[in-house]
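Taking it in order: structure first as structure tokens, then the write-up.
Quick look at the structure:
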């Protein structure tokens with residue numbers, strides 16, 4: 442009897458427990474990309490890219506049901522609202538979307554230059570506080586219009602935000618932009634003796650031309666006119682954008698941060714105007730800070746790098762003694778140049794993305810206390826940087842001798 | 477008292493670990509990192525040694541009276557009034573920690589997983605489960621605790637995956653501001669680890685009492701290892717600054733996990749929740765049980781079982797009413813909790829031990845045969 | 003004064019509760035009672051009637067008690083030179099009439115040795131050429147029981163007892179392959195309904211005098227033989243004492259199958275989990291006997307009970323020991339994994355799709371979302387419906403005659419699976435999940451364990467619907483607490499997992515090589531080592 446009573450009570454408890462957080466899977470709008478911009482009135486403009494699952498999974502292996510229209514539906518929608526806080530803007534979006542917003546699967550957040558220059562501290566609270574916002578999303582800055590970035594059509598991967606993620610995932614082919622996740626970005630932003638940075642995304646006209654515009658079965662529309670491109674890095678001081686690095690400079694930064702995982706290195710042949718390309722295999726850098734007796738700050742960066750020979754236009758016979766060594770020396774020079782250009786640019790911007798300050802903090806904690814207040818403004822630009830590169834070429838592909846034309850043809 | 481069954485020293489160790497572990501890895505890494513900054517690992521070491529000291533003391537005291545709990549012998553050792561008072565303070569400590577744990581659990585669930593659900597739902601459910609376990613008794617409690625222990629390797633798994641993100645630089649420079657911050661940071665984890673003093677209540681039920689002392693110390697060492705993993709992992713990968721600002725660093729650490737080869741496991745926080753609910757439940761149940769057992773003995777009841785449900789309801793009410801919001805809870809954890817815990821586990825235990833030693837009192841097979849028993853013990 | 007009164011009352015109560023045929027309370031009636039064909043004979047009454055010296059009296063009573071049965075045969079004849087009247091009574095379906103003719107009737111009448119006195123002693127020694135005889139049939143209850151048990155009873159004028167001759171012949175099923183516990187490699191024989199044959203199957207495997215089989219008669223009307231088997235020296239005496247105690251406590255009218263005993267001796271009668279292990283494989287029974295467990299072989303059922311049973315035991319399959327250890331270990335892990343799937347798959351689906359969408363890989367999430375578009379039910383209800391359907395199909399599959407079973411599976415697979423998905427009533431992924439869970443649940447070696455595990459799913463789905471993964475976790479923990487609190491004959495249900503016995507984990511977490519399982523698990527104390535360390539195989543040592 443008592444057990445029965447307890448069971449009834451338990452059942453009541455279950456019934457009154459109102460499934461507060463229940464949210465059916467199909468009743469949610471999955472956001473895959475977020476853009477933040479400013480309106481002319483000074484409010485925040487928030488863009489959410491919402492995926493239309495029917496067009497993605499439609500006809501897939503699971504036999505999903507697609508609406509039987511002959512014209513393919515757009516696979517995503519971009520919603521744009523404005524508000525003085527991002528949360529206000531987000532809730533304003535609820536007036537437009539018949540589904541519950543779900544940010545747990547967001548891939549990246551793109552800040553417009555205007556927002557970034559004004560300072561990201563105000564907006565980061567929105568991203569940092571919410572449990573649903575995963576710290577793994579990518580952070581990017583753009584000088585283009587965020588609405589354009591999130592709306593460029595492309596048949597390869599239809600949803601722009603997913604496409605953007607794909608580009609970022611292929612970073613190891615070039616190392617021309619940093620892969621910065623929200624977690625890293627926030628850590629660096631709050632770090633002492635280091636400034637944060639992130640990748641830059643831009644809009645680029647398509648080079649390929651549509652020669653035969655054709656509309657008919659099996660053919661789709663013309664080549665899209667624009668492409669998104671991720672290249673270069675944005676440098677910050679505190680939370681404000683202060684400058685940009687181009688592709689090569691970005692890799693200069695990444696060398697120091699130990700984040701280069703691959704990419705092409707272009708080397709000019711010694712005897713001609715021709716070039717050789719090697720691909721980076723792995724690299725490791727060590728930063729050694731020093732304060733000299735007269736109080737000057739010096740940083741020595743030692744980089745060990747390994748590469749494979751991929752392509753050469755030079756008359757280079759790798760079998761010859763010294764040929765590889767010569768190539769390695771040239772390679773080291775190229776790397777040094779990249780790092781130095783990055784350092785110069787960062788010093789101009791007064792943004793210590795390299796974390797030299799941290800290095801000094803660790804090695805000279807007592808002196809650091811005097812420097813930490815004005816590190817980026819006063820001390821970082823004055824740091825003397827020396828780069829020592831130990832570059833190696835490990836493999837040369839399937840050929841030893843250079844590719845030559847047959848002697849009789851030369852004659 | 478009704479016979480509560482017998483447990484082995486190994487099971488007692490598991491019990492002690494379950495008392496400590498769950499909260500130690502919830503709020504504490506963040507708070508320790510906030511106070512000790514990059515020297516958090518030194519704070520953890522200090523905490524380990526201070527906790528070992530306290531627990532060693534408690535285990536020694538418990539071993540002096542192997543067939544009784546502290547509630548029972550304290551009045552004999554320190555006189556009726558003070559002894560009862562000491563007993564009450566232990567009971568209070570356990571209940572207080574219990575409803576404090578309930579609230580912490582509710583806060584984590586609402587913050588991390590169920591923002592819209594009122595936290596009393598979680599508190600109620602976990603209390604019901606804990607009451608069920610307390611009702612089932614000590615042996616069942618220890619068995620479930622051991623089952624949960626199977627999950628502990630998950631922490632090592634976590635460490636395996638984040639090891640590559642750990643930046644040694646985040647631990648430098650060592651002792652930038654002297655030892656002070658490290659000591660301050662060690663207070664809370666030290667106090668929590670000292671909760672292994674629950675051996676004072678458990679001792680009469682342990683079958684191989686001699687091994688209870690090393691088992692207690694091993695329990696402290698084990699939780700230290702897990703705590704260090706979370707602490708070193710989060711400070712090493714976020715930096716002390718960021719860790720100090722996080723409410724639940726262990727949770728954030730899990731959220732950061734990204735295993736490219738296993739995209740299905742991309743979001744391991746569900747596993748974390750499973751470990752979590754189990755851990756908090758065990759912590760609550762073990763504390764609740766220790767408190768109920770002590771209360772039964774303190775009041776001289778035949779069985780504490782009829783009191784389980786009323787007491788559980790009281791704890792729920794206290795846990796809901798005692799703190800207004802999560803910030804208060806965290807501040808309370810930093811500023812009040814360690815002192816309360818240490819004042820009971822270290823101070824009262826210490827006083828009881830000293831008085832017992834000075835008066836040459838010793839429990840054993842023959843009641844009150846203090847002198848003879850102690851002489852015999854010295855020989856052995 | 004008062005306590006004594008209470009004790010008296012208690013005694014009275016206890017007496018009244020005692021089995022009616024148990025004691026010798028009713029005084030001996032001077033005359034055998036007369037009764038018509040409608041008289042219901044109580045055991046106690048029959049017990050009080052001794053076998054009389056006068057054959058006529060005995061026969062009259064016997065006819066009254068069993069005479070109206072058409073299969074009752076009473077053969078009267080005379081024995082020996084003095085023409086001593088005698089009678090042989092039996093139920094002909096139960097006995098081998100060949101034996102009666104050849105070894106009993108013929109030797110008593112035609113071939114009776116001339117200079118032999120007529121008495122049971124001499125008949126036993128010189129006349130009847132049977133193995134099993136019992137002279138002590140001195141009251142009518144034993145007499146009737148002997149007849150009902152398939153014996154022929156010889157009544158002799160002038161003897162105050164009867165001689166029961168075991169001529170029974172049980173026409174049972176032949177030993178066949180096990181249906182519920184089939185193996186690929188290993189012995190194929192399984193228990194049948196006859197006790198004798200089952201004991202034979204066990205004895206064939208264990209040729210030790212220490213194998214003890216104690217017999218109990220249970221069931222007031224069925225008088226079912228329950229044999230408690232154990233190996234002396236391996237089984238703990240406390241365990242045996244406890245088993246005997248619990249068997250003696252049973253006072254039921256019938257024991258029709260092993261479950262009648264199982265339910266009566268469980269430690270926690272309300273728990274849905276099986277607390278004894280029922281098996282129809284003699285090899286399995288023997289392996290448990292060797293581990294120091296006790297077995298209950300029950301007449302008229304092919305299922306033998308093993309006690310104490312633990313959860314890990316229920317998850318072991320006899321086949322684990324018939325394959326190399328690496329394979330067995332892998333298969334065992336697969337089975338544990340199947341257990342996990344069968345319990346958690348659909349609750350997890352419900353919890354994740356309704357609460358924790360961020361846990362799914364994005365592509366999977368999108369396809370679930372797309373698939374669920376247009377499904378009219380919330381995921382929880384959908385899952386419950388499908389689970390119920392699955393259980394329906396399973397139950398119907400058992401009940402239906404074999405040829406129709408085919409039709410049911412076609413209807414189940416095609417109509418419900420295909421059509422429901424196409425109609426958009428149920429999302430395809432859920433069908434996969436439920437089907438997977440259903441298949442996984444049959445990978446549990448014990449059918450008795452599989453059912454409660456499947457039943458757990460329903461409350462878990464409800465919890466998942468209300469509280470997401472937290473609900474599932476809470477539900478599973480509650481079940482674990484329950485399991486941790488269970489005991490089977492004093493042995494914790496989850497041992498050796500918890501409380502942990504490290505030496506026994508070798509046969510739970512893995513299946514250690516046979517040569518490495520050197521110690522005996524469980525309750526036994528003596529004879530702990532199963533094999534000598536030299537048993538480990540290896541190449542012959544180098545000769546130098």
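Residue numbers (this note's numbering), protein chains in the order written: chain L, 442 to 852; chain X, 477 to 856; chain E, 3 to 546.
Ideal Cβ positions, reconstructed from N, Cα and C, are used throughout, including at glycine.
Could you tell me which chain X residues have their CB closer than 7 Å to the CB of residue i, listed as they occur along the chain?
| i | result |
| --- | --- |
| residue 628 of chain L | 714, 715, 718 |
| residue 803 of chain L | 645, 648, 649 |
| residue 806 of chain L | 649, 652 |
| residue 606 of chain L | Ordered by position in chain X, no residue passes the 7 Å Cβ test against residue 606 of chain L, which lies about 13 Å from the chain. |
Would residue i pass as an interface residue toward chain L - the criterion being a Cβ-Cβ separation below 7 Å?
| i | result |
| --- | --- |
| residue 786 of chain X | no |
| residue 648 of chain X | yes |
| residue 368 of chain E | yes |
| residue 461 of chain E | no |
| residue 468 of chain E | yes |
| residue 379 of chain E | no |
So, is the C-beta of residue i closer than 7 Å to a C-beta in chain X?
| i | result |
| --- | --- |
| residue 32 of chain E | Below a pLDDT of 50, predicted positions are generally treated as unreliable, and residue 32 of chain E, at 49, falls in that range; no measurement from the model is reported. |
| residue 478 of chain L | no |
| residue 471 of chain E | yes |
| residue 572 of chain L | yes |
| residue 462 of chain L | yes |
| residue 711 of chain L | no |
| residue 492 of chain E | no |
| residue 730 of chain L | no |
Give the range of the beta strand (DSSP E) segment to which residue i is assigned.
| i | result |
| --- | --- |
| residue 478 of chain L | 469-479 |
| residue 739 of chain L | 738-753 |
| residue 250 of chain E | Here residue 250 of chain E belongs to no beta strand (DSSP E); instead the alpha helix (DSSP H) covers 239-251. |
| residue 833 of chain L | 825-836 |
| residue 782 of chain L | Where residue 782 of chain L is concerned, there is no enclosing beta strand (DSSP E), although the alpha helix (DSSP H) it sits in stretches over 764-790. |
| residue 543 of chain L | 541-543 |
Chain E beta carbons: is any one of them nearer than 7 Å to that of residue i?
| i | result |
| --- | --- |
| residue 466 of chain L | yes |
| residue 608 of chain X | yes |
| residue 545 of chain L | yes |
| residue 601 of chain X | yes |
| residue 741 of chain X | Since pLDDT at residue 741 of chain X reaches only 49, below the 50 mark, its modelled position is unreliable, and the value read off the structure follows with that caveat. No, no contact with chain E. |
| residue 753 of chain X | yes |
For a contact meaning CB atoms closer than 7 Å, what does residue i contact in chain E?
| i | result |
| --- | --- |
| residue 487 of chain X | 501 |
Can residue i be considered in contact with the ligand FMN, in the sense that its beta carbon sits closer than 6 Å to one or more heavy atoms?
| i | result |
| --- | --- |
| residue 840 of chain L | Because no ligand of any kind appears in the structure shown, any question about the ligand FMN cannot be addressed here. |
Tell me the residue span of the alpha helix (DSSP H) that contains residue i.
| i | result |
| --- | --- |
| residue 525 of chain X | 516-540 |
Please list the partners that residue i has in chain X, where partner means a Cβ-to-Cβ separation under 9 Å.
| i | result |
| --- | --- |
| residue 670 of chain L | Under the 9 Å cutoff, chain X gives no residues; its nearest Cβ is about 24 Å from residue 670 of chain L. |
Residue ranges of each beta strand (DSSP E) within the stretch 260-345 of chain E, 3 or longer: 279-281, 296-300, 306-309
Let me know the alpha helix (DSSP H) ranges lying completely inside the stretch 360-429 of chain E, each 4 residues or longer, listed in chain order. 364-374, 381-401, 404-412
Closer than 8 Å, Cβ to any Cβ of chain L: which residues of the stretch 652-677 of chain X, in chain order? 652
Interface positions of the stretch 630-654 of chain L facing chain X (Cβ-Cβ less than 8 Å), listed along the chain: 631, 632, 633
The stretch 571-601 of chain X: positions lying closer than 9 Å to chain L by Cβ: 587, 588, 589, 590, 591, 592, 593, 594, 597, 600, 601
Along the stretch 610-623 of chain L, what residues have a CB closer than 7 Å to any CB found in chain X? none
Which full runs of the alpha helix (DSSP H) of 4+ residues lie inside the stretch 614-657 of chain L, going along the chain? 623-631
Interfacial residues, the stretch 480-491 of chain E to chain X, with Cβ spacing under 7 Å: 480, 482, 483, 486, 487
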